[in-house]
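Student: Please read through the structure below; I'll follow up with questions.
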Ligand SMILES: [Mg+2]
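Residue numbers (UniProt numbering): 1 to 236.
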């Protein structure tokens with residue numbers, strides 16, 4: 001089957017955004033005088049819940065607090081975007097080159113994420129350059145779905161937007177929830193574990209790599225119009 005599109009998760013896959021998210025949550029909590037501070041271990045645990053607003057609600061439940069999670073999450077998103085625009089984040093190794101390769105080889109690009117739309121646009125424009133969000137034929141985010149990953153809804157929407165079958169696409173994920181969502185719709189999935197997902201169970205992944213840079217070292221990989229989508233020596 002010919003690969004016609006690359007579908008990317010955002011957080012942890014395009015960039016190690018979770019540390020920036022964590023810092024933005026903590027600043028938003030501080031601004032509201034909540035006295036909450038999420039450290040790495042706590043945040044790793046909360047990441048099992050997809051969606052920032054849902055994480056705030058879960059933590060509030062644990063500590064027995066009643067908070068306006070919508071307002072806190074809105075402010076957290078603003079802080080995150082301010083920091084992205086200030087240049088506080090870079091793409092993971094190989095991501096920019098892979099996107100460049102796709103654009104030069106008639107491969108469509110898409111985003112399938114459960115993060116907020118402003119986060120996605122800000123990250124793309126800050127790292128790939130102004131106007132780069134227009135390179136993506138479909139960008140589906142947390143606002144577009146009823147159920148977040150591991151539910152496959154966001155991937156179904158992207159496939160419908162592209163008018164492609166799952167077998168014509170390759171998904172890139174960094175977490176178990178993302179992998180489950182992608183596999184549920186039958187997508188071949190490359191997993192590049194991130195700081196916070198390194199201990200996840202990646203059983204079922206079609207390819208497990210440290211970074212997508214490894215893909216680019218094989219010039220036969222991902223050629224449009226070719227069945228060859230696997231590089232030699234990989235765990236495909
Ligand atoms: Mg992710």
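Glycine included, each C-beta is placed from N, C-alpha and C at the ideal position.
Check whether the Cβ of residue 241 lies closer than 6 Å to any heavy atom of ligand 1, and answer yes or no.
Tutor: The structure shown does not extend to residue 241, since the chain is modelled only from 1 to 236, so the question has no answer here.
Student: The beta strand (DSSP E) spanning residue 190 covers which residue range?
Tutor: It spans 188-191 - the beta strand (DSSP E) in which residue 190 sits, taken as one unbroken run.
Student: Taking the C-alpha atoms as reference points, what is the distance between residue 197 and residue 130?
Tutor: Using only the alpha carbons, I get a separation of about 30 Å.
Student: Mind the definition here: the stretch 32-46 touches the stretch 96-111 only if three or more C-beta pairs lie below 8 Å; say whether that holds.
Tutor: Counting Cβ pairs under 8 Å, fewer than three are found: no touch.
Student: Along the chain, which unbroken stretches of the alpha helix (DSSP H) at least 4 residues long are found entirely within the stretch 115-191?
Tutor: You should have 117-128, 153-162, 176-184.
Student: Of the residues 54, 126, 91, which one's Cα is nearest the Cα of residue 9?
Tutor: Comparing Cα-Cα distances from residue 9 to each of 54, 126, 91, the minimum goes to 91.
Student: Go ahead and label residue 48 buried or exposed: buried means 16 or more other beta carbons lie within 10 angstroms of its beta carbon, across all protein chains shown.
Tutor: By the neighbour-count rule (16 or more Cβ atoms within 10 Å), residue 48 is not buried but exposed.
Student: Is the stretch 189-208 touching the stretch 152-167, taking contact as three or more C-beta pairs under 8 Å?
Tutor: With the cut-off at 8 Å, the stretch 189-208 and the stretch 152-167 do not touch.
Student: From residue 12 to residue 18, what does the alpha carbon distance come to, in whole angstroms?
Tutor: Approximately 7 Å between the Cα atoms of the pair.
Student: In chain order, what residues of the same chain lie with their CB nearer than 7 Å to the CB of residue 132, ignoring the 5 residues before and after it?
Tutor: Once the five neighbours on either side are set aside, the close Cβ partners of residue 132 are 124, 125.
Student: Just to confirm, is the Cβ distance from residue 179 to residue 205 under 7 Å?
Tutor: Yes; because the gap between Cβ atoms is below 7 Å, this pair is in contact.
Student: Just verifying my parser: in three-state terms, what is the DSSP assignment at residue 11?
Tutor: Reduced to three states, the DSSP call for residue 11 is strand.
Student: Could you tell me whether any non-hydrogen atom of ligand 1 is closer than 6 Å to the CB of residue 174?
Tutor: Result yes, Cβ under 6 Å from ligand 1.
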